[in-house]
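Asker: Pasting a structure here, questions to come.
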Amino acid sequence: MPNIPIRREEITNEWLALTLSGSGACEISDCDFEEMTGHNPELSQLFRVRIQYRKRGETHPDVVIVKIPPENDETRLREAGCGPYEGELGAYRLLEPFYGSNIARMYGAVEDLNERTACFVFEDIGTLPAGDKYARIDLGLAKETLSFMATYHARFWNHSTLETKLWIRDADWSFLFNQDPLESAIGWRVIRDDDRFEKTGGLVVAGEYLGARLLDLQVAMRSRPNTLTHNDFHHGNVLLRNTASGSVPVIVDWQMSAFAGGTNDLAKFLMTTVPFKVLVENETRLVHHYVDELKAHGVSGYEFDECWRDYRRAQVATFGNYAISCYKTSPDGGLIESSGDSTHAVIRALTLADPDEMAEVLP
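Just so it is clear: in the sequence shown, position 321 is 1560 by the working numbering, and no numbers are missing.
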């Protein structure tokens, strides 16, 4: 049996009080649990917990988010073998200076070293306005998010000791997340044959590139400077903290962190999270902003042209990753398009790329 909670009933008052002890000793009299829906239930269970205290300090929270691994033993151990729990815990430990701002405060975490699992108690950022599926990102929030991205990228830019950490994945893993590149070509055929998608701009060039040639792209992308990357920077993982001076972007779910090229984060964020109209009018400006922020935080020798090339290449890799999972097989053996919001956003973003430019940057 694991030594961390895997069932709601195991999140006891005593366990939660002990996990919150970093904020000082406390005693909990009762808890009210609200089950939350995460984006990947095979990786975790999420609960919003409202706490009543018998004894507390000024910094003890009234509401927390408790994140525990799945209850099913087979699922939990299978997922643990891929390292998401160790990766998230390692990333949060590195990112402690950002707690309470662009990172949700982590009040405590417990590891099971034998299972390679972990559970967390996080700050509750709050809920989205009624009817909103994702945070509403305008140009200002997009630039603020990129400023934070550049800040943590710069902090760990070519950080030689980071790549030796056992918990962090490498750049090759982050490319398609070790999925079979040949399956991306199947996904492209499904997208190409779907009349709902407009096949313009660099989308066709990127789509026709998918398949075995992605291995050449993987090799080419090894030349990028590596840093701490989130690697799953889609719109579901960008929340907003409401403050007296306005909204602040908060990035959650660091389970796929890797020592890889920063344009992994840049491409996925711009393609999935920035509204299409904003991206149409500001794509180049936003990439410039990211590069300028890197320089402001001490990164040298990585100019806009190199970053733009790496960004375009990362867009194709991001597309390849989504294409792999964008279809399912029907009972009669046919292929059915089954993608979601992020895939559709990635497809649309690629229509903005100039096809000649896209062909030129692909190896």
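Even for Gly, the Cβ is constructed at its ideal location relative to N, Cα and C. Values in this document were obtained by computation on a predicted structure and should not be read as measured data.
Tell me the DSSP secondary structure of Val1538 in three-state form.
Answerer: Val1538 falls in the coil class under three-state DSSP.
Asker: From the DSSP output, which residues share a beta bridge with Gln1291?
Answerer: Beta-bridge pairing links Gln1291 to Asp1269.
Asker: Name the residue from Ala1369, Trp1547, Thr1568, Phe1361 whose alpha carbon lies nearest to the alpha carbon of Glu1335.
Answerer: Cα-wise, what sits closest to Glu1335 is Phe1361.
Asker: Taking the C-alpha atoms as reference points, what is the distance between Asp1580 and Ile1243?
Answerer: In a straight line, the C-alpha of Asp1580 is about 34 Å away from that of Ile1243.
Asker: What distance in whole Å lies between the Cβ atoms of Thr1502 and Cys1546, which are believed to be in contact at a cut-off of 8 Å?
Answerer: At roughly 7 Å, the Cβ-Cβ gap stays under 8 Å, so Cys1546 and Thr1502 are in contact.
Asker: The alpha helix (DSSP H) spanning Val1600 covers which residue range?
Answerer: Per DSSP, Val1600 belongs to the alpha helix (DSSP H) from 1594-1600.
Asker: Alpha carbons only, please: which of Gly1450, Arg1452, Ser1496, Gly1475 is nearest the one belonging to Asn1465?
Answerer: Here the closest residue by C-alpha is Ser1496.
Asker: Decide if Glu1274 is buried, meaning its Cβ has at least 16 other Cβ atoms within 10 Å, or exposed.
Answerer: Label assigned to Glu1274: exposed.
Asker: Once DSSP output is grouped into helix, strand and coil, what is the label at Ala1556?
Answerer: In this structure, Ala1556 counts as helix in the three-state DSSP scheme.
Asker: For Leu1533, I'd like the list of residues in its chain whose CB is within less than 7 Å of its CB, leaving aside the five on either flank, ordered along the chain.
Answerer: Correct list, in chain order: Ala1389, His1392, Ala1393, Tyr1541.
Asker: Strictly by DSSP, which residues pair up with Pro1488?
Answerer: Paired residue(s): Leu1479.
Asker: Grab me the residues of Asn1478's own chain with a C-beta within less than 7 Å of its C-beta, minus the 5 sequence neighbours each way, in chain order.
Answerer: Reading off the sequence, residue 1478 comes out as Leu, not Asn. Result list for Leu1478: Ile1364, Ala1374, Val1489, Val1491, in chain order.
Asker: Within a Cβ cutoff of 7 Å, which residues of the same chain sit near Val1429, ignoring the five residues on either side of it in sequence?
Answerer: Taken in chain order, the residues that qualify are Cys1565, Tyr1566, Leu1574, Glu1576.
Asker: Look up Met1388 in the DSSP assignment and give the residues it is bridged to.
Answerer: Its beta-bridge partners do not exist; DSSP assigns none.
Asker: Is Gln1457 helix, strand or coil by DSSP?
Answerer: Helix.
Asker: Can you look up Asp1531 in the DSSP assignment and give me helix, strand or coil?
Answerer: Reduced to three states, the DSSP call for Asp1531 is helix.
Asker: How many angstroms separate the CA atom of Val1458 from the CA atom of Leu1449?
Answerer: So the two alpha carbons sit approximately 15 Å from each other.
Asker: Looking at the structure shown, is Asn1417 part of a helix, part of a strand, or coil, going by DSSP?
Answerer: Here Asn1417 sits in helix by DSSP.
Asker: Could you tell me which residues DSSP puts in a beta bridge with Leu1589?
Answerer: Bridge partners of Leu1589: none, in fact.
Asker: Would you mind working out which of Val1302, Arg1332, Lys1382 sits nearest Leu1518, comparing C-alpha positions?
Answerer: With distances taken between Cα atoms, Leu1518 lies closest to Lys1382.
Asker: So, helix, strand or coil for Lys1372, using DSSP?
Answerer: In the structure shown, Lys1372 sits in coil (DSSP, three-state: anything other than H, G, I, E or B).
Asker: Between the segment 1282-1291 and the segment 1343-1351, do three or more beta carbon pairs fall short of 8 Å?
Answerer: No, the segment 1282-1291 does not touch the segment 1343-1351.
Asker: Considering only residues of the same chain and omitting the five flanking positions on each side of Thr1511, which have a CB-CB separation below 7 Å?
Answerer: Counting only Cβ-Cβ distances below 7 Å, and skipping sequence neighbours, we find His1473, His1474, Ser1581, Ala1584, Val1585.
Asker: Quick check: the Cα distance between Leu1589 and Asn1560, rounded to an integer number of angstroms?
Answerer: Rounded to the nearest angstrom, the two C-alpha atoms are 14 Å apart.
Asker: Between the Cα of Glu1412 and the Cα atoms of Arg1551, Lys1438, Thr1314, Ala1556, which residue gives the shortest distance?
Answerer: A small fix is needed here, since residue 1412 is Trp in this sequence, not Glu. Among Arg1551, Lys1438, Thr1314, Ala1556, the Cα nearest to that of Trp1412 belongs to Ala1556.
Asker: Quick one: grab the DSSP three-state call for Glu1325.
Answerer: Helix at Glu1325.
Asker: What are the complete alpha helix (DSSP H) segments, minimum 4 residues, inside the segment 1424-1469?
Answerer: Listed in chain order, the complete alpha helix (DSSP H) runs (minimum 4 residues) inside the segment 1424-1469 are 1442-1448, 1453-1459.
Asker: Should Val1302 be labelled buried (16 or more other beta-carbon atoms within 10 Å of its own) or exposed?
Answerer: Burial call: exposed.
Asker: So, Lys1306 versus Glu1266, is the Cβ gap smaller than 8 Å?
Answerer: Contact: no.
Asker: Closest by CA to Arg1289, which one among Glu1297, Asn1279, Ser1462, Ser1268?
Answerer: That would be Ser1268, whose Cα lies nearest to the Cα of Arg1289.
Asker: Using CA coordinates, which residue listed in Ala1598, Gly1441, Phe1508 is at the minimum distance from Asp1471?
Answerer: The residue with the shortest Cα to Cα distance from Asp1471 is Phe1508.
Asker: Going by Cα to Cα distance, which pick from Ala1319, Phe1395, Asp1531, Ala1451 is closest to Asp1419?
Answerer: When only C-alpha atoms are compared, the closest one is Ala1451.
Asker: Could you give the first and the last residue of the continuous alpha helix (DSSP H) run that contains Asp1312?
Answerer: Element bounds for Asp1312: 1312-1319.
Asker: Using the Cα positions of Asp1377 and Glu1520, report the straight-line distance between them to the nearest angstrom.
Answerer: Those two C-alpha atoms are separated by around 12 Å.
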